[in-house]
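K.L.:
Handing you a structure now.
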Amino acid sequence: MNDEAVALGPPERLHPLSLLSSLGASLRGMWGLFAAGGYFAVQGNWLLLTVTAALFAIFSVGAAVLRWRRFAFRVGAREIRVDSGLLSQTHRSIPFDRIQDVTVEQGPLARALGLARVRFETGGSAGTKEDGSLAAIPLQRAEEIRDLVRASRGLAAAPAVGQITEEEQPVFAMDLRRVLLAGVFNFSLAVLGGLVGLTQTFGDALNFDPFRRRFWEGLFAPGTPLGDFFLAHQVAAITAGALTLILIGLGTGLLRTVLREHGFRLDRTAVGLRRRRGLLTLTDVVLPARRTQAAIIATGPVRERFGWSTLKLQSLAKEEAGKGDHVVAPLAQEAEIAAVLGAIGWPAPRGPQWRRVSSAYVAAFAAALAPFALIAAANLAFQPAVGTAGLAILAILLAVRVLAWRRYAFALDGDRLLVRSGWWRRRLKILPLRNIQSVDYQQMFLDRWFGAANILIGVAGGGMSGHGIKALPAGTARDIRDHLLSRFT
Amino acid sequence: MTVEAAPLHRVEPGYRHVVRIHTALFWLPVAIAAVVADQLLLWATPFYGLASILVPLLALAVIILAPNRKYGRLGYALQPTLLRVVRGWLFHTDTIVPLVRVQHIDVTRSPLDKAFGTATLVVHTAGTHNSIVTLPGLSPDNAAAIRDEIRQQIRTDFE
Numbered sequence: 001m002n003d004e005a006v007a008l009g010p011p012e013r014l015h016p017l018s019l020l021s022s023l024g025a026s027l028r029g030m031w032g033l034f035a036a037g038g039y040f041a042v043q044g045n046w047l048l049l050t051v052t053a054a055l056f057a058i059f060s061v062g063a064a065v066l067r068w069r070r071f072a073f074r075v076g077a078r079e080i081r082v083d084s085g086l087l088s089q090t091h092r093s094i095p096f097d098r099i100q101d102v103t104v105e106q107g108p109l110a111r112a113l114g115l116a117r118v119r120f121e122t123g124g125s126a127g128t129k130e131d132g133s134l135a136a137i138p139l140q141r142a143e144e145i146r147d148l149v150r151a152s153r154g155l156a157a158a159p160a161v162g163q164i165t166e167e168e169q170p171v172f173a174m175d176l177r178r179v180l181l182a183g184v185f186n187f188s189l190a191v192l193g194g195l196v197g198l199t200q201t202f203g204d205a206l207n208f209d210p211f212r213r214r215f216w217e218g219l220f221a222p223g224t225p226l227g228d229f230f231l232a233h234q235v236a237a238i239t240a241g242a243l244t245l246i247l248i249g250l251g252t253g254l255l256r257t258v259l260r261e262h263g264f265r266l267d268r269t270a271v272g273l274r275r276r277r278g279l280l281t282l283t284d285v286v287l288p289a290r291r292t293q294a295a296i297i298a299t300g301p302v303r304e305r306f307g308w309s310t311l312k313l314q315s316l317a318k319e320e321a322g323k324g325d326h327v328v329a330p331l332a333q334e335a336e337i338a339a340v341l342g343a344i345g346w347p348a349p350r351g352p353q354w355r356r357v358s359s360a361y362v363a364a365f366a367a368a369l370a371p372f373a374l375i376a377a378a379n380l381a382f383q384p385a386v387g388t389a390g391l392a393i394l395a396i397l398l399a400v401r402v403l404a405w406r407r408y409a410f411a412l413d414g415d416r417l418l419v420r421s422g423w424w425r426r427r428l429k430i431l432p433l434r435n436i437q438s439v440d441y442q443q444m445f446l447d448r449w450f451g452a453a454n455i456l457i458g459v460a461g462g463g464m465s466g467h468g469i470k471a472l473p474a475g476t477a478r479d480i481r482d483h484l485l486s487r488f489t
Numbered sequence: 490m491t492v493e494a495a496p497l498h499r500v501e502p503g504y505r506h507v508v509r510i511h512t513a514l515f516w517l518p519v520a521i522a523a524v525v526a527d528q529l530l531l532w533a534t535p536f537y538g539l540a541s542i543l544v545p546l547l548a549l550a551v552i553i554l555a556p557n558r559k560y561g562r563l564g565y566a567l568q569p570t571l572l573r574v575v576r577g578w579l580f581h582t583d584t585i586v587p588l589v590r591v592q593h594i595d596v597t598r599s600p601l602d603k604a605f606g607t608a609t610l611v612v613h614t615a616g617t618h619n620s621i622v623t624l625p626g627l628s629p630d631n632a633a634a635i636r637d638e639i640r641q642q643i644r645t646d647f648e
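Protein chains in written order, with my numbering: chain L, 1 to 489; chain W, 490 to 648.
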């Protein structure tokens, strides 16, 4: 329409600071040039080094400046236009109606300069991440754009309300104590995993590898200072080692959690929920309620004992890191989770009729493990230690599976499907039947032996963990499928 | 109404040949690699000769038997509101896509499809699991007819 063409605002540029970040990207992209430069420097070939550096400067800085000059965006009443591209030019139009999520992000440097990155999530823009975002614009302008988009979406979503109403009281917020507690539960030894990887890669070059037995045998051999010390203070040394591990795990968990969840605050807006969090990188995400596909309440054996769990929403809008599930309550009690769910109009499940699944959940798993058990048993004859360890691991896997089976259950709660699963990673998934995209009835040959079948459900958005019910008796599975699809037939 | 009310249709018999060539394209290199590895690497071991005989025999058996079985197990039903695709025995899946959930539809024909007069219907949904449901072995006319029928359904139920 003509009106809309007129309504399009004047072209706006990004702040020149965005040059820095695009320079960073091209620095990463030009590692080949760096390798060449380093090689020339080692060779003492200063002429070639200078030429390389000059080439690099011309290409990367020049390209970044040109790209910055070509990048412009215009904000209209109903859409945002982004013009970009050096050789292949792109004119992208992002209608507000297609935008499912607006994020305003600030890194530490951007905060110092009062800048922000605005990122738009649309259903189709999976691959082209960069064009859906404005890298560095003044914070005030970023908030204006976000409010504009949100207001337009708000009108579309709830015409009766019209205005954005943000309540004074947050739906959910975490004080520092809660954040620290969440950090304790995020106990993680991933750092050690990273160290294992590092020494695997570089251990040969360093000529020692702390994750090999030989390294420690050498260190602790009787006669060496450390060995004698260890022999003299065995209990103390083992305790100290265990304490170190615990401290590393706690520290990692606390650090990661505080960085991510500091100042966590969830507000209700006209269209859905607004989440703000972060210590160094503040993120501000709006999750439209009607884009929410499913809810996942996650907990673990220890957390559940104290009544804590995490609430995630599976939304069509993708998380900044590419994961599909948005955490809207990192650590909350049951009542708080019910409050958050209530804010998007989902009643919390109350006393549903849980139905257990077939023992094929364990039996088919055991049958799949059987070949490995045979191998481990055969190994007993040749390498007793390896064989025993293998059998022990298989026994633990089976035991955890049995525990998981005892918890595994599903319920048809009105127009919602509830599935409760896992023993260590406990999950309660709430899936409104209207969000079902497709249903699979699946029967592998192992399932067939035990008369069981699985139901797999396609749901939009979300991460890797799919929806479905495992190990139902075959007849029940068909009935459930009919029920799940009843609104479509 | 249950989703199993409508009878399943079979796809075109030509699909067997498409499957056979696909199977052969997978198994022939495997068999050749097994024979080569056996002759070059295993000649000093007591297992020498085993792989050279067994793997090609297995490949031959699969190439002869699998296409008919896959063809026999593949069925589809287009109901007023649902598309149902049933396939497989060892890995049996029975997929149902409500037509209102279809985002867009492709009809594709590979060179093999053209040689044996078949086409593949590809249905895209928004789901993370099952975002692409394929129904191979249709006659091109039938594939186009199903596509048009589904498209009609999308249009009438479009919000």
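Note that beta-carbon positions come from the ideal geometry of N, C-alpha and C, so glycine has one too.
From a predicted model like this one, the values you see are computed outputs, not experimental measurements.
State the CB to CB distance for the pair V575/W and D583/W, rounded to an integer number of angstroms; the pair is presumed to be in contact (CB under 8 Å).
P.N.:
Indeed they touch by this definition, with Cβ atoms about 5 Å apart.
K.L.:
With 16 as the cutoff for other CB atoms within 10 Å, does H326/L come out buried or exposed?
P.N.:
Buried, since its Cβ has 16 or more Cβ neighbours within 10 Å.
K.L.:
Could you name the residues that DSSP lists as bridge partners for Q293/L?
P.N.:
Answer is none; Q293/L lacks a bridge partner.
K.L.:
Kindly list the residues whose CB is nearer than 7 Å to the CB of L456/L, restricted to its own chain and excluding five residues on each side of it in sequence; keep chain order.
P.N.:
If we look at L456/L and ignore the five residues flanking it on each side, its Cβ neighbours are D440, Q442, G466, G468.
K.L.:
Against chain L, does A520/W count as a neighbour if the rule is that its beta carbon must be under 8 Å from one of theirs?
P.N.:
Not closer than 8 Å to any Cβ of chain L, the Cβ of A520/W fails to qualify, so no.
K.L.:
Pull up the distance between the alpha-carbon of P11/L and that of R119/L, whole angstroms please.
P.N.:
If I take the Cα positions, the gap works out to 18 Å.
K.L.:
For the stretch 277-296 of chain L, list every residue whose C-beta sits within 7 Å of some C-beta in chain W, in sequence order.
P.N.:
Listed by position, the residues of the stretch 277-296 of chain L near chain W (Cβ gap below 7 Å) amount to none.
K.L.:
Since L571/W meets chain L, which of its residues come closer than 8 Å, beta carbon to beta carbon?
P.N.:
Correct list: L485, F488, T489.
K.L.:
Let me confirm a value: S599/W is counted as buried when at least 16 other C-beta atoms fall within 10 Å, else exposed. Which label applies?
P.N.:
Under this definition S599/W is an exposed residue.
K.L.:
In this structure, what does DSSP give as the bridge partners for R426/L?
P.N.:
T299/L.
K.L.:
Report yes or no: do three or more beta-carbon pairs, one from the stretch 356-371 of chain L and one from the stretch 401-421 of chain L, lie closer than 8 Å?
P.N.:
Verdict: yes, contact present.
K.L.:
Return the residues of the stretch 413-441 of chain L that lie within a Cβ-Cβ distance of less than 8 Å from chain W, sorted by chain order.
P.N.:
Flagged, chain order: I436, Q437, S438, V439, D440, Y441.
K.L.:
Is DSSP giving G616/W helix, strand or coil here?
P.N.:
Here G616/W sits in strand by DSSP.
K.L.:
Along chain L, in chain order, which residues have C-beta atoms closer than 7 Å to that of A615/W?
P.N.:
Ordered by position in chain L, the residues that pass the 7 Å Cβ test against A615/W are Q437, A460.
K.L.:
When you compare the CB of H581/W with every CB in chain L, is at least one pair closer than 8 Å?
P.N.:
Yes - at least one Cβ of chain L is within 8 Å of the one on H581/W.
K.L.:
Answer yes or no: do R499/W and P556/W have a C-beta to C-beta separation smaller than 8 Å?
P.N.:
The answer is no: Cβ separation not under 8 Å.
K.L.:
At the 8 Å Cβ level, is T623/W part of the contact set with chain L, yes or no?
P.N.:
Output row for T623/W: interface = no.
K.L.:
Rounded to a whole number of angstroms, what is the C-alpha to C-alpha distance between A54/L and A63/L?
P.N.:
Rounded to the nearest angstrom, the two C-alpha atoms are 14 Å apart.
K.L.:
Here's the rule: buried if 16 or more other CB atoms are within 10 angstroms of the residue's CB, otherwise exposed. What is Y39/L?
P.N.:
Classification of Y39/L: exposed, given that the 10 Å Cβ count is below 16.
K.L.:
Listing by chain order, which chain L residues have their CB less than 7 Å from the CB of P587/W?
P.N.:
Chain L residues near P587/W: L485, F488.
K.L.:
Among L282/L, R265/L, R291/L, which one has its Cα closest to the Cα of E336/L?
P.N.:
Closest option to E336/L, Cα to Cα, is R265/L.
K.L.:
What does DSSP give as the partner residue(s) for E12/L in the beta ladder?
P.N.:
Answer by DSSP bridge pairing, in chain order: F73/L.
K.L.:
Taking the alpha carbon of W346/L as the point to measure from, which residue in W354/L, H233/L, L311/L has its own alpha carbon closest?
P.N.:
Of W354/L, H233/L, L311/L, the residue nearest in Cα terms is L311/L.
K.L.:
Between the alpha carbons of G272/L and I344/L, how many angstroms are there, rounded?
P.N.:
G272/L and I344/L: Cα-Cα distance of roughly 6 Å.
K.L.:
F445/L touches chain W at which residues, Cβ-Cβ below 9 Å?
P.N.:
In chain order: W578, L579, F580, H581.
K.L.:
Can you check whether the C-beta of R713/W is within less than 8 Å of a C-beta belonging to chain L?
P.N.:
Nothing about residue 713/W can be reported from this structure: the residues present for chain W run from 490 to 648 only.
K.L.:
When the cut-off is 8 Å and only beta carbons count, does H593/W lie next to chain L?
P.N.:
No, no contact with chain L.
K.L.:
Return no unless some Cβ of chain W is closer than 8 Å to the Cβ of G451/L.
P.N.:
Answer no: the Cβ-Cβ gap between G451/L and chain W never drops below 8 Å.
K.L.:
At the 8 Å Cβ level, is T534/W part of the contact set with chain L, yes or no?
P.N.:
No, T534/W does not count as interfacial toward chain L.
K.L.:
Could you name the residues of chain L that V611/W contacts, counting a contact when the two beta carbons are closer than 8 Å?
P.N.:
Neighbours of V611/W on chain L: none; closest Cβ ~13 Å, over 8 Å.
K.L.:
Rounded to whole angstroms, what is the Cα-Cα separation between A379/L and A368/L?
P.N.:
The sequence given here places Asn at residue 379/L; Ala does not occur at that position. Spanning the two alpha carbons is a distance of roughly 18 Å.
K.L.:
Just the chain L side, please: which residues come within less than 7 Å of R590/W by C-beta, in chain order?
P.N.:
Neighbours of R590/W on chain L, chain order: Q437, S438.
K.L.:
Within 10 angstroms of its Cβ, does F229/L collect 16 or more other Cβ (buried), or is it exposed?
P.N.:
Under this definition F229/L is an exposed residue.
K.L.:
Does any residue of chain W bring its CB to less than 8 Å from the CB of G475/L?
P.N.:
Chain W contact via Cβ: absent.
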